[in-house]
Amino acid sequence: MKRICLLLLLVVELSVVTMAQGGPKRPDPQPPADTHEKFKLGMAGYTFARFGLDTALQTLQRADVHYFCIKDFHLPLNSTDEQIAAFHQKLKAKGVTGYGVGPIYMKSEAEIDRAFEYAKRVGVKLIVGVPNYDLLPYVDKKVKEYDMKYAIHLHGPDTKVYPDAEDVWNHVKNLDPRIGMCLDIGHDTRNGKDAVADLKKYHTRVFDIHLKDVTGPTKQGYSVEVGRGIINFPAFVKMLRKVGYSGVVSLEHERNMDNPFMGIAESVGYFRAMIVATKKK
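Take the position in the sequence shown, starting the count at 1, then add 83; the result is the number in the numbering used here.
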């Protein structure tokens, strides 16, 4: 009996000491769900069209997102080498890598020249661009010269050029294999297409992806937080794995752009939840 009392006393004393030290050590946060995937989760610079670079990087850091497609309102096309170096230093301080530039609209050969030289000076190997149809042979020439990938951004029913993945494919399939598309799954869906099926069909020419959700498969459909619209994200994530997509899936959040931060957090969280939910046990 005396031994039992001593043991009980020891347990109580240990409990008191543990409580005084703040309890058992809690586990650290787990790495993001996309850490072990071939594809990477990123953010499109256009998401922060109404905010400066510092706000954009603070948001990426809080969301634990480490890849950023650079828009020219954060790093102008005429930036000096010193400005580009300072820009990259800012990204590095937040653990962010600028993986591409764009979208950049190009209506002349001079604008194409400028964009390729800009990408070279920035130090990226991907341009997200929107060239006029008649300029595609010149783009073909430039990707050979610079050895860069060129991803044409599709824009759904809002524009006459590149409304969906099929249209981009039909215009690039006979060009250099480094010319492909930025598959904007929201705009592709708004043009009445199945973004999951298009990823499967055209994956050899998908070099970048814009992540978003939309309310309908027509021009009247509009952008909403990922998970609130009609896109089948479990199927989309499974298809990313099936085709072995190894590029970036960049959230391009276009709702409430004056105050997008709750929507960004919701969209990133939902997409990562789909990554976890679709993993094979």
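Note that beta-carbon positions come from the ideal geometry of N, C-alpha and C, so glycine has one too.
Computed from a predicted model, the values in this text were never measured in an experiment.
Cutoff 8 Å; reference residue i; Cβ partners in own chain excluding five residues on either side
i, result
"Gly125", "Val148, His149, Tyr150, Phe151, Cys152, Tyr182, Val331, Val332, Ser333 and Leu334"
"Gln141", "Lys177"
"Ala139", "Met126, Gly128, Thr130, Phe131, Phe151 and His157"
"Leu266", "Leu237, Ala248, Ala278, Asp281, Leu282, Tyr285, Val289, Asp291, Ile292 and His293"
"Val94", "Residue placement at Val94 is flagged as unreliable, the pLDDT there being 39, under the threshold of 50; the coordinate-derived value follows with that caveat. Here the set comprises nothing."
"Tyr353", "Glu308, Val309, Gly310 and Phe316"
"Leu219", "His254, Val255, Leu258 and Ile262"
"Leu174", "Leu140, Phe151, Thr180 and Gly181"
Neighbourhood of residue i by C-beta distance below 7 Å, restricted to the same chain and skipping five residues each side
i, result
"Asn274", "Gly239, Pro240, Pro246 and Asp247"
"Ala146", "Ile347, Ala348 and Val351"
"Gly312", "Asp296, Val297 and Thr298"
"Ala103", "Note that Ala103 has pLDDT 47, beneath the 50 cutoff, so the model's placement of it is unreliable and the number below is only indicative. So no residue of the chain qualifies."
"Gly324", "Reading the sequence as shown, one finds Arg at residue 324 and not Gly. Within the same chain, Arg324 has no close Cβ partners at all."
"Tyr216", "Val244 and His254"
"Arg338", "Ser306, Val307, Glu308 and Gly346"
"Asp223", "Leu258, Asp259 and Ile262"
Beta-carbon gap between residue i and residue j smaller than 8 Å
i, j, result
"Ile403", "Ile292", "Coverage of the chain is limited to positions 84 through 364, which leaves residue 403 absent and any answer about it impossible."
"Gly327", "Lys121", "yes"
"Pro317", "Thr272", "no"
"Tyr233", "Glu192", "no"
"Lys208", "Asp259", "no"
"Asp164", "Arg109", "no"
8 Å contact criterion, which residue i and residue j should meet: CB distance rounded
i, j, result
"Gly185", "Ile210", "6 Å"
"Val320", "Ile358", "6 Å"
"Met189", "Gly212", "6 Å"
"Met322", "Val289", "The pair is not a contact, with the Cβ atoms about 11 Å apart (cut-off 8 Å)."
DSSP beta-bridge partners of residue i
i, result
"Phe151", "Met126 and Gly181"
"Ile235", "Gly212 and Met264"
"Ile358", "Answer is none; Ile358 lacks a bridge partner."
"Tyr188", "Val213"
"Leu334", "Met126 and Leu294"
"Val289", "Met264"
"Val307", "Asp296"
Pick from the options that is closest to residue i, judged by C-alpha positions
i, options, result
"Lys225", "Asp196, Val309 and Gln303", "Asp196"
"Pro159", "Ile187, Glu192, Arg355 and Lys243", "Ile187"
"Lys302", "Arg288, Asn315, Thr242 and Gly212", "Thr242"
"Gln166", "Met189, Leu143 and Leu136", "Leu136"
"Arg355", "Met189, Met345, Lys203 and Gly310", "Gly310"
"Leu143", "Lys284, Lys362 and Pro343", "Pro343"
"Val251", "Lys276, Lys227, Tyr229 and His336", "Lys276"
"Tyr229", "Ala198, Pro214, Leu258 and Asn257", "Ala198"
"Asp35", "Leu218, Ala132, Thr138 and Pro115", "Residue coverage of the chain in this structure runs from 84 to 364, which leaves residue 35 outside it and unanswerable."
"Glu249", "Asp259, Leu237, Leu258 and Pro260", "Leu237"
"Pro214", "Lys175, His119 and Met264", "Met264"
"Thr118", "Ser329, Phe170 and Met340", "Ser329"
"Met340", "Phe134, Gln113 and His270", "Phe134"
"Lys256", "Met231, His270 and Thr287", "Thr287"
"His270", "His171, Lys173, Pro114 and His336", "His336"
"Ala202", "Gln113, Thr180 and Met231", "Met231"
Residues near residue i in its chain [Cβ-Cβ closer than 6 Å; skip 5 each side]
i, result
"Leu90", "For Leu90, the predicted structure reports a pLDDT of 37, less than 50, and the residue's modelled location is therefore unreliable. A value from the coordinates is still provided. There are no such residues."
"Glu194", "none"
"Tyr285", "Ala248 and Trp252"
"Asp111", "none"
"Ala116", "Arg355, Ile358 and Val359"
"Ser162", "none"
"Arg86", "With a pLDDT of only 44 at Arg86, under the threshold of 50, the placement of this residue in the model should not be trusted; the figure read from the coordinates follows. Nothing listed; no residue qualifies."
"Asn304", "It is worth fixing the name first, because residue 304 is Gly in this sequence and not Asn. Excluding residues within five positions, the ones whose Cβ falls inside 6 Å are Arg273, Val297 and Thr298."
"Ala169", "none"
"Thr361", "Pro317, Val320 and Lys321"
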